[in-house]
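Q: These protein sequence lines map, in sequence, to chains A and B.
All the letters of the first sequence, read from the start, carry residue numbers 166 to 406 under my numbering.
All the letters of the second sequence, read from the start, carry residue numbers 5 to 236 under my numbering.
Cβ coordinates follow ideal geometry from the N, Cα and C atoms, glycine included.
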Amino acid sequence: MLALWAVSLVSTPARAARDLLQLFVSQPYLELHTGPGRGYPVTQVVARGESVDVLFRRTDWFKVRTERGVEGWASARELTLTTMADGVQFHVNEGDRAGFASHRWESGVFAGAYAGATLIAAYSALSVTDNLKIEVGVSQFTGNVSDGYLADIGLAHVIMPEWRFSPLVDIGTGFLRVQPKATLVKPVDRNDEIGYVGIGARYYLTRRFFVRGDFRKYVVFTKTNANEVNEEWRLGFAFFY
Amino acid sequence: METRIRLLLLSIAVAACSGCASMHWPWHHPKSDAASASASTEDVDAAPPSVIEPQVERRKIKVPKIRAKNVELGAYYGELSIQDFGAQPVAGLRFDYHISEDLFAEVTYGRAKGGRTSFEELSGRVQLLSDAERRFTYYNLSLGYNFLPGEVFVGRNLAMTSALYMIGGIGNVTFAGSHNFAVNFGAGFRVLPTDWLALHIDVQDLVFKSNDIGVYQLKNNLQATIGATVFF
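1. In angstroms with no decimal places, state the Cα-to-Cα distance between Ala232 of chain B and Pro201 of chain A.
2. Going along the segment 268-290 of chain A in order, which residues come within less than 7 Å of chain B, judged by CB to CB distance?
3. Check whether the Cβ of Phe221 of chain A lies closer than 9 Å to any Cβ atom in chain B.
4. Once the 5 residues before and after Phe236 of chain B are set aside, which same chain residues still bring their CB inside 7 Å of it?
5. For Ser240 of chain A, which of helix, strand or coil comes out of DSSP?
6. Taking the straight line between their C-alpha atoms, what separation do you get for Arg332 of chain A and Ile364 of chain A?
7. Would you check if the segment 204-217 of chain A and the segment 79-88 of chain B touch, i.e. whether three or more CB-CB distances between them fall below 8 Å?
8. Helix, strand or coil, according to DSSP, for Ser36 of chain B in the structure here?
9. So Gly96 of chain B and Arg115 of chain B are in contact, right, with Cβ under 8 Å, and what is the actual spacing, rounded?
10. Can you tell me whether Ser104 of chain B is helix, strand or coil according to DSSP?
11. Just how far apart, CA to CA, sit Pro345 of chain A and Asn395 of chain A?
12. Residues in its own chain within less than 8 Å of Glu243 of chain A by CB, not counting five upstream and five downstream?
13. Based on the DSSP secondary-structure assignment, which residues constitute the bridge partners of Ser272 of chain A?
14. To which residues does DSSP link Thr233 of chain B through a beta bridge?
15. Is Glu125 of chain B helix, strand or coil by DSSP?
16. Looking at the structure shown, is Phe255 of chain A part of a helix, part of a strand, or coil, going by DSSP?
17. Let me see if you follow: with CB-CB separation under 9 Å, is Thr199 of chain A close to chain B or not?
18. Is Met170 of chain B closer than 9 Å to Phe151 of chain B when the C-beta atoms are compared?
19. So which residues on chain B does Asp453 of chain A lean against when the C-beta distance must stay under 9 Å?
20. Using CA coordinates, which residue listed in A:Ser216, A:Tyr279, A:Ala321 and A:Arg230 is at the minimum distance from Glu393 of chain A?
21. Am I right that Gly118 of chain B and Phe157 of chain B are in contact with their C-beta atoms under 8 Å? What's the rounded C-beta distance?
22. Short of 8 Å Cβ to Cβ, which residues in the segment 195-223 of chain B face chain A?
23. Alpha carbon to alpha carbon, what distance is there between Tyr80 of chain B and Asn176 of chain B?
24. Helix, strand or coil, according to DSSP, for Ala136 of chain B in the structure here?
25. For Ala266 of chain A, collect the residues of the same chain with a Cβ closer than 7 Å to its Cβ; drop the 5 residues on either side in sequence, then sort them by chain order.
26. Note down the Cα distance separating Tyr383 of chain A from Val301 of chain A, rounded to an integer number of angstroms.
27. Using only CA atoms, which one of A:Ile359, A:Leu291 and A:Gly214 lies nearest to Ala316 of chain A?
28. Would you kindly check if the distance between the Cβ of Gly319 of chain A and the Cβ of Tyr361 of chain A is under 9 Å?
29. Listed from N- to C-terminal order along the chain, which residues in the segment 72-94 of chain B have their beta-carbon within a distance smaller than 9 Å of any beta-carbon of chain A?
Structure, rendered in C-alpha cells:
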C-alpha cells in the first residue's frame, strides 16, 4: 500500500507534464530567450526533433520547458514552425479579419462628450448574428454645471461586418442620473429614462483590436412637460473575443 | 498479408450472416405473402446495399490548452500630494492587461483623504470642506508602453525580468464633493521576482480642473506608490 502511494507520488509530475502541450521542433532549431521580449538574450536552443512542454503564455511569448528541464521563452512566430504530437503544425490564434467579422463578444472603452460634458464610457456586446449585437454600456460624464451617469442597453446593426471599415446603426434605452454641481442653488439629483438612436463605425486595427466611433442622439424622458434631446459623440478602442 | 486474412475472415462473416437471414428458422413467422411481395419489388428498385460499412472511429486527440497569463491584479500604497490639501497616504487597486510585449492597458482605482490647507491651519477653526468632501477617490483608464524592458540581477544567481514603462490615460477624480474629468500620466518600474509576481514603483500626475475654492484651476496631484501584483 505504501509502495503504491509512493509510486503514485512519483508518477504525479509525469501526469502533470502530459497536461501540458508538447511541441516538436521541426525547424533546424528553436531559440529560447531569457525573458518574454525580443531583446532578451538567447541562452538555449532546442534542436530539430526534440520537444518542449508549453507551460503558459504571456502576450506573444510562450514559457516552455525542454526535455532536459531547461525553461525559457519562445516567440509565437517561432513556435508556429513546430508541430504537435499528431504531426499537425502548431497554430496560434491571435485574432484576424475573419474574427473581426464574426465573433461572440466585444468590449471597449471610449472618451467623448455628452451634451457638452466630458464623457468616459465602456461597453460590451454579444453577437446574435454577425450583423446584430446586443450592447450594454455605462458612461460617466462631468460638465461645468452637472455630472452624471448613463446606463444603456440596445441593439446595434453592423451593416457590413466583413469590411475593414464597417458602419453601424444602433437603438436602445436606459437610465440617466444627473447630479447638478454643488455650487448651484438647487442641487437635486435627477433620475430619468432615456432612449437613443445612433450611427457609428468600426475600423479593424490588428489582431483582436479595432477603433470604434459613435454619434448618438438621446431623448431624456423628463418629469416635466418637455423632453430633453442631447447629443453624444465618442471615440475609443475595443477588442473582440 | 494481415489485410488479406482480415478480408477473408470478413467475407466469411458476411456470407454467414446473410445465409442465416435467408434460412427459415422454426421461430420465425413469415409475413403475409402480399406484404413480402411488395417488399421484394421495393428491394429491386432500391439501390443495392453496401456490403461493408466503413466505420472507422477517429482517435480523438485532446490538445491541452495553453494558459494565458496576461492579466495582472494587485494593490498599491503610497503618497498622494493633493494640491492645496497636503500630501496624504493613498491606497488603490490595479488591473493590467498585457496586449503585447510593448503595450498594456491599465485600470486603477485609488482613494486618499485630503488634509487641511495652509489657510485652514493658520486661521484656526475655519473648515473649507467637510470630512466627507475631503475624500479623494479616482479611477484611471490608461495605456502603458514598456519602453525599457530588461533584466535586474540580484547577486550572482538571480536574474529577474523588468521594465521601465511610461503610462498615460484618462479618468475621473471625485474630490471636494464634485466629479472631475482627469488626465493621468507618469512612469513606472516593474520587476518580476517570479513568473507570477510583479513589484511596481510608480510616479504619476493626476491633473484635473476644479473650482473647489471658487475659481477654476488646473490641479496637479503627484502620486508616488509601491505595489505588488499577481499574474493570472
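A: Let me lay it out:
1. In the second sequence, residue 232 of chain B corresponds to position 228, counting from 1. In the first sequence, residue 201 of chain A corresponds to position 36, counting from 1. Approximately 19 Å between the Cα atoms of the pair.
2. Val274, Ala276, Thr283 and Ile285
3. Looking up residue 221 of chain A in the first sequence gives position 56. Answer yes: the Cβ-Cβ gap between Phe221 of chain A and chain B drops below 9 Å somewhere.
4. Walking along the second sequence from the start, residue 236 of chain B turns up at place 232. Around Phe236 of chain B: Lys73, Val75 and Leu77.
5. Here residue 240 of chain A is taken as the residue at index 75 of the first sequence, counted from 1. Three-state DSSP puts Ser240 of chain A in a strand.
6. Position 167 of the first sequence holds residue 332 of chain A. Position 199 of the first sequence holds residue 364 of chain A. First, the amino acid is wrong: residue 332 of chain A is Pro here, not Arg. Each residue's alpha carbon lies about 8 Å from the other.
7. no
8. Locating residue 36 of chain B in the second sequence gives position 32, where the first residue counts as 1. Because the pLDDT of Ser36 of chain B is 46, which lies under 50, any placement of that residue in the model is unreliable, and the number read from its coordinates should be weighed accordingly. The answer is coil: DSSP assigns Ser36 of chain B none of H, G, I, E or B.
9. Counted from its first residue, the second sequence places residue 96 of chain B at position 92. Counted from its first residue, the second sequence places residue 115 of chain B at position 111. Contact holds; Cβ gap of about 7 Å.
10. Taking the first residue of the second sequence as position 1, residue 104 of chain B is located at position 100. Coil.
11. Walking along the first sequence from the start, residue 345 of chain A turns up at place 180. Walking along the first sequence from the start, residue 395 of chain A turns up at place 230. Approximately 16 Å between the Cα atoms of the pair.
12. In the first sequence, counting from the first residue as 1, residue 243 of chain A sits at position 78. Within the same chain, Glu243 of chain A has close Cβ partners Gln192, Leu195 and Glu196.
13. By one-based count along the first sequence, residue 272 of chain A stands at place 107. Ser272 of chain A is bridged to A:Ser289 and A:Phe404.
14. Taking the second sequence and counting its residues from 1, the one referred to as residue 233 of chain B is at position 229. In DSSP, Thr233 of chain B forms a bridge with B:Gly78 and B:Ala202.
15. The residue you call residue 125 of chain B lines up with position 121 of the second sequence. Three-state result, Glu125 of chain B: helix.
16. Stepping through the first sequence from its first residue, residue 255 of chain A is reached at position 90. In this structure, Phe255 of chain A counts as coil in the three-state DSSP scheme.
17. Taking the first sequence and counting its residues from 1, one reaches residue 199 of chain A at position 34. Taking Cβ atoms only, chain B reaches closer than 9 Å to Thr199 of chain A, which makes this a yes.
18. For the purposes of this step, residue 151 of chain B is taken as residue 147 along the second sequence, with counting starting at 1. For the purposes of this step, residue 170 of chain B is taken as residue 166 along the second sequence, with counting starting at 1. In this structure, Met170 of chain B lies closer than 9 Å to Phe151 of chain B by Cβ.
19. No information on residue 453 of chain A is available, as it lies outside the stretch 166 to 406 that chain A covers here.
20. Working through the first sequence from its first residue, we reach residue 393 of chain A at position 228. Taking only the C-alpha atoms, the option nearest Glu393 of chain A is A:Tyr279.
21. By one-based count along the second sequence, residue 118 of chain B stands at place 114. By one-based count along the second sequence, residue 157 of chain B stands at place 153. Between Phe157 of chain B and Gly118 of chain B the Cβ distance is about 41 Å, and since that is not below 8 Å, they are no contact.
22. Asp199 and Asn215
23. Your numbering for residue 176 of chain B matches position 172 in the second sequence. Your numbering for residue 80 of chain B matches position 76 in the second sequence. Cα to Cα, Asn176 of chain B sits roughly 18 Å from Tyr80 of chain B.
24. On the second sequence, position 132 is the one that residue 136 of chain B refers to. Ala136 of chain B: helix per DSSP, three-state reduction.
25. Reading the first sequence from its first residue, position 101 is the one you call residue 266 of chain A. Cβ neighbours of Ala266 of chain A beyond the five flanking positions: Asp295, Pro326 and Glu327.
26. Taking the first sequence and counting its residues from 1, the one referred to as residue 383 of chain A is at position 218. Taking the first sequence and counting its residues from 1, the one referred to as residue 301 of chain A is at position 136. Computed Cα separation, rounded: 15 Å.
27. In the first sequence, residue 316 of chain A corresponds to position 151, counting from 1. Comparing Cα positions, the closest option is A:Ile359.
28. Along the first sequence, read from residue 1 onward, the residue named residue 361 of chain A stands at position 196. Along the first sequence, read from residue 1 onward, the residue named residue 319 of chain A stands at position 154. Yes.
29. Ala72, Lys73 and Asn74
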